[in-house]
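Chemist: Let me give you the structure first, and then I'll get to my questions.
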Amino acid sequence: MAISKTEIEKLARLARLSFSDEELERFTAEFDEIIEFANTINQSIEGGTEQIRSVGARMVSFDELRPDEVAPSLPNEKILSNVEGYNGFFSLERSRK
Amino acid sequence: MRAGISELAGRLRNREISSVELTRAYIDAIEKLNPTLNAYVHLTFDTALEAAEQADRMLAEGDAPVLCGIPMALKDNICTDGLPTTCCSKILTGFKPYYDATVWEKLKRQGAVLLGKTNMDEFAMGSTSETSFYGAPLNPRNPEYVTGGSSGGSAAAVCANLAVYSLGSDTGGSIRQPASFCGVVGLKPTYGAVSRYGLIAYGSSLDQIGPLTSSVRDAAIVFDAIKGVDKRDQTSVDFDYGPSLVESLDRDIAGMRIGVAEEFFDGINPEIEASIGKAIALLEKNGARIENIRIPALKIALPVYYIIACAEASSNLGRYDGIRYGYRTPSYTSIDEMIVKTRSEGFGDEVKRRIMLGTYVLSSGYYDAYYKKACLIREEIIREFDAVFEKCDVLVAPTAPNTAFPLNYKGASPVEIYLSDICTVPVNIAGVPAISVPCGEDSRGLPIGMQIIGRKFDEATVLQAAHFYEQAAGKVIGDYKGGAAI
Chain A
1021 MAISKTEIEK
1031 LARLARLSFS
1041 DEELERFTAE
1051 FDEIIEFANT
1061 INQSIEGGTE
1071 QIRSVGARMV
1081 SFDELRPDEV
1091 APSLPNEKIL
1101 SNVEGYNGFF
1111 SLERSRK
Chain B
15 MRAGISELAG
25 RLRNREISSV
35 ELTRAYIDAI
45 EKLNPTLNAY
55 VHLTFDTALE
65 AAEQADRMLA
75 EGDAPVLCGI
85 PMALKDNICT
95 DGLPTTCCSK
105 ILTGFKPYYD
115 ATVWEKLKRQ
125 GAVLLGKTNM
135 DEFAMGSTSE
145 TSFYGAPLNP
155 RNPEYVTGGS
165 SGGSAAAVCA
175 NLAVYSLGSD
185 TGGSIRQPAS
195 FCGVVGLKPT
205 YGAVSRYGLI
215 AYGSSLDQIG
225 PLTSSVRDAA
235 IVFDAIKGVD
245 KRDQTSVDFD
255 YGPSLVESLD
265 RDIAGMRIGV
275 AEEFFDGINP
285 EIEASIGKAI
295 ALLEKNGARI
305 ENIRIPALKI
315 ALPVYYIIAC
325 AEASSNLGRY
335 DGIRYGYRTP
345 SYTSIDEMIV
355 KTRSEGFGDE
365 VKRRIMLGTY
375 VLSSGYYDAY
385 YKKACLIREE
395 IIREFDAVFE
405 KCDVLVAPTA
415 PNTAFPLNYK
425 GASPVEIYLS
435 DICTVPVNIA
445 GVPAISVPCG
455 EDSRGLPIGM
465 QIIGRKFDEA
475 TVLQAAHFYE
485 QAAGKVIGDY
495 KGGAAI
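These protein sequences, in sequence, are chains A and B. At position 37 of the first sequence (counting the first as 1) the number is 1057 in this note's numbering, and the numbers step up by one without a gap. At position 471 of the second sequence (counting the first as 1) the number is 485 in this note's numbering, and the numbers step up by one without a gap.
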């Protein structure tokens, strides 16, 4: 096994996810196969990745950004339309007594 | 032959039918077939009928755009102000955006009539649409088979004539592959040709919105209507396509240089290979020049795609925390616990797998070996595509290595499912446009799709070649019997 359950647990913490013991078993096994698949980028190809020279060619250039334009914000009641807000704010249960 | 956009636009203009009547015909068909096909997950009939009335007024005034009054569908990851948009995920249960995606804003202004939001793989992560929180849509051509994915509902809706056209999104093949499985046309435009504002993000450097239609002409019409620069999407490009892409359709293909790369045919089902071979022969017979070319880096495009897409997804999906919209876990004792429980209960398995892979390839100690390396190989793929397009005008390839899978196909591991994206992902990595057009059926009667790939911002040549093939080949797949009686 290439990846341990401890490593999966560490990744889950980083990803803000949690798994039950049964899920952890299954995910670890599946993840092994997925990592093995990801490792195939290390195979050599004809013509070769050695031709790769730089990370210069990006899909999009962010060198020229348009000037910032101040536009009106969405109204507070629209932003809160998907949750039960409290006095115009997002709200959660009290977590510290 | 079912009516396309141009024909319906003509009938709306000479008052043979009104938009309200047309819309009612589609609503009737959806009410009849959708309980089985599950192509739509949110229906918007009330707003559709209001929009149809408004469209009839626009038509009566004269000078209405071609899409005015035509009933259509949007994939459930395209934001619609006040109407459900859930990415077919539990975590976005009940979410109603407070703004329109640019594509929908544009279509709405042109009098489009939205029938509903279509089924998809959760957060567009999948190749069968079976990861949808609402259950899989069924392939209208054979309900024992999947529609493909992730825009499976959009493809099924067009195939079964439950919408004249639909929009989907394509990160690694999610428009073209379901189009191929359902026997419709699907266009993935050049990265930057269509604004992504309001498209719920998966892999931001790969995502692109495009049309699914019943003909190449319709794809050109819809692409014309949605393309263009948008200041709300910094990656959109101000490219001058001229007055209309539809005008480029009727040119002939004599002298067109068509590249065929053997890497696209590795491990392809022989029936598909034969079908594409026949299509290539037809193009050659009509004056196209076939160039056999090589794109060696294609062999590793698939892991490159999954590494980049999942890395971007792990960051993009960080926003789902249960605080501002969507699902929130019912019980918790701290904010941290609320976020972790909400995400763990709200995301499905495939989404979790991809968030975990993305987190892994970006994490300390693995970043250089995976993410950085994938970005470097991406450049090599782009370079190889650039070189090929110096010799060729378009490339022809299969859309998928297989036809539709049976529903609930057991025994396929996540990686086996990933392998089915082999022919489509290189196009997203390179940011070039590609279309899938039906080119035959396998022995079970399931459609086969041919992919035509072009240079960046050269949708005109891609559409021209696809339209020529469509007209020259004639009837290559059976008609779907059913759908709107129009």
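Note that CB positions come from ideal geometry on N, CA and C, so glycine has one too.
Are the segment 310 to 323 of chain B and the segment 1083 to 1094 of chain A in contact at 8 angstroms, needing three or more beta carbon pairs?
Modeler: Contact fails: fewer than three Cβ-Cβ distances are below 8 angstroms.
Chemist: Under 7 angstroms between beta-carbons, which chain B residues line up against Thr1060 of chain A? List them in chain order, please.
Modeler: In the first sequence, the residue the question calls residue 1060 of chain A occupies position 40. Within chain B, the residues near Thr1060 of chain A are Ile314, Pro317.
Chemist: Answer yes or no: do Ile304 of chain B and Ile294 of chain B have a C-beta to C-beta separation smaller than 8 angstroms?
Modeler: Start at 1 with the first residue of the second sequence, and residue 304 of chain B comes out as number 290. Start at 1 with the first residue of the second sequence, and residue 294 of chain B comes out as number 280. Cβ atoms of Ile304 of chain B and Ile294 of chain B: closer than 8 angstroms.
Chemist: On the criterion of 16 or more Cβ atoms from any shown chain inside 10 Å, does Ser33 of chain B qualify as buried, or is it exposed?
Modeler: Looking up residue 33 of chain B in the second sequence gives position 19. Buried, by the Cβ-count rule.
Chemist: Where in the segment 119 to 202 of chain B do unbroken runs of the beta strand (DSSP E), each at least 3 residues long, occur, reported from the N-terminal end onward?
Modeler: Fully enclosed beta strand (DSSP E) runs of 3 or longer: 127 to 132, 179 to 183, 199 to 202.
Chemist: Does DSSP classify Arg342 of chain B as helix, strand or coil?
Modeler: Taking the second sequence and counting its residues from 1, the one referred to as residue 342 of chain B is at position 328. Of the three classes helix, strand and coil, the one that applies to Arg342 of chain B here is coil, per DSSP.
Chemist: My output table needs one value for Val236 of chain B: the three-state DSSP class, helix, strand or coil.
Modeler: Reading the second sequence from its first residue, position 222 is the one you call residue 236 of chain B. Three-state result, Val236 of chain B: helix.
Chemist: Closer than 8 angstroms, Cβ to any Cβ of chain A: which residues of the segment 406 to 429 of chain B, in chain order?
Modeler: So the list reads Ser427, Pro428, Val429, given in the order they occur along the chain.
Chemist: To the nearest whole angstrom, what separates the beta carbons of Leu97 of chain B and His56 of chain B, a pair I think is in contact under 8 angstroms?
Modeler: Locating residue 97 of chain B in the second sequence gives position 83, where the first residue counts as 1. Locating residue 56 of chain B in the second sequence gives position 42, where the first residue counts as 1. At roughly 7 angstroms, the Cβ-Cβ gap stays under 8 angstroms, so Leu97 of chain B and His56 of chain B are in contact.
Chemist: Mind listing the chain A neighbours of Ser348 of chain B? Cutoff is C-beta to C-beta under 7 angstroms, in chain order.
Modeler: The count along the second sequence starts at 1 and reaches residue 348 of chain B at position 334. Residues of chain A passing the Cβ test: Ser1115.
Chemist: The beta strand (DSSP E) that contains Glu277 of chain B, what's its start and end?
Modeler: Indexing the second sequence from 1 puts residue 277 of chain B at position 263. From DSSP, Glu277 of chain B is part of no beta strand (DSSP E); its letter is neither H nor E.
Chemist: Against chain A, does Tyr384 of chain B count as a neighbour if the rule is that its beta carbon must be under 8 angstroms from one of theirs?
Modeler: For the purposes of this step, residue 384 of chain B is identified with residue 370 of the second sequence, where counting begins at 1. For Tyr384 of chain B, the answer is yes, since a Cβ of chain A falls inside 8 angstroms of its Cβ.
Chemist: Is it right to say Pro154 of chain B is buried, meaning 16 or more other beta carbons lie within 10 angstroms of its own, or is it exposed?
Modeler: The residue labelled residue 154 of chain B in the question sits at position 140 within the second sequence. With 16 or more Cβ atoms within 10 Å of its Cβ, Pro154 of chain B is classed as buried.
Chemist: Residues of chain B with a CB under 8 angstroms from the CB of Lys1098 of chain A: which are they?
Modeler: Here residue 1098 of chain A refers to the residue found at position 78 of the first sequence. Within 8 angstroms Cβ-Cβ: Tyr112.
Chemist: What span of residues does the alpha helix (DSSP H) with Leu421 of chain B cover, start to end?
Modeler: Along the second sequence, one-based indexing puts residue 421 of chain B at 407. Element bounds for Leu421 of chain B: n/a, residue is neither H nor E.
Chemist: Sort B:Ala311, B:Leu220, B:Ile240 by Cα distance to Leu226 of chain B and report the nearest one.
Modeler: Counted from its first residue, the second sequence places residue 226 of chain B at position 212. Per the Cα distances, B:Ile240.
Chemist: If we define contact as Cβ-Cβ less than 8 angstroms, is Val1090 of chain A a contact residue for chain B?
Modeler: As a working mapping, residue 1090 of chain A is identified with position 70 in the first sequence. Judged by the 8 angstroms Cβ criterion, Val1090 of chain A is not in contact with chain B.
Chemist: Closer than 8 angstroms is the cut-off here; do at least three beta carbon pairs connect the segment 182 to 198 of chain B with the segment 432 to 443 of chain B?
Modeler: Cβ pair count under 8 angstroms is three or more, so yes.
Chemist: Looking at Leu129 of chain B and Ile44 of chain B, is the spacing between their C-beta atoms short of 8 angstroms?
Modeler: Here residue 44 of chain B corresponds to residue number 30 of the second sequence, with the count starting at 1. Here residue 129 of chain B corresponds to residue number 115 of the second sequence, with the count starting at 1. In contact: Ile44 of chain B and Leu129 of chain B (Cβ atoms closer than 8 angstroms).
Chemist: Ile321 of chain B touches chain A at which residues, Cβ-Cβ below 8 angstroms?
Modeler: Within the second sequence, the letter at position 307 stands for residue 321 of chain B. Chain A residues near Ile321 of chain B: Ala1058, Ile1061.
Chemist: Hey, out of B:Gly332, B:Phe399, B:Ala174, whose CA is closest to Leu51 of chain B's CA?
Modeler: Here residue 51 of chain B refers to the residue found at position 37 of the second sequence. Among B:Gly332, B:Phe399, B:Ala174, the Cα nearest to that of Leu51 of chain B is on B:Ala174.
Chemist: With a CB to CB cut of under 7 angstroms and the five nearest residues on each side skipped, what residues in its chain are close to Ile314 of chain B?
Modeler: On the second sequence, residue 314 of chain B is found 300 positions in, with the first residue counted as 1. Once the five neighbours on either side are set aside, the close Cβ partners of Ile314 of chain B are Ile391.
Chemist: Tell me Ala87 of chain B's beta-bridge partners as DSSP assigns them.
Modeler: Within the second sequence, residue 87 of chain B is the residue found at index 73, counting from 1. Partner(s): B:Gly130, B:Ser180.
Chemist: Would you identify the three-state DSSP class for Glu364 of chain B, choosing helix, strand or coil?
Modeler: Indexing the second sequence from 1 puts residue 364 of chain B at position 350. Helix.
Chemist: Give me the chain B residues within the contact set of Val1035 of chain A, using Cβ-Cβ distance strictly less than 7 angstroms, ordered along the chain.
Modeler: The residue given as residue 1035 of chain A occupies position 15 in the first sequence. According to the sequence displayed, residue 1035 of chain A carries Ala and not Val. Those within 7 angstroms of Ala1035 of chain A in chain B are Ser328, Ile369, Met370, Thr373.
Chemist: With DSSP run on the structure shown, which of helix, strand or coil describes Ile214 of chain B?
Modeler: Taking the second sequence and counting its residues from 1, the one referred to as residue 214 of chain B is at position 200. Residue state, collapsed to three classes: coil.
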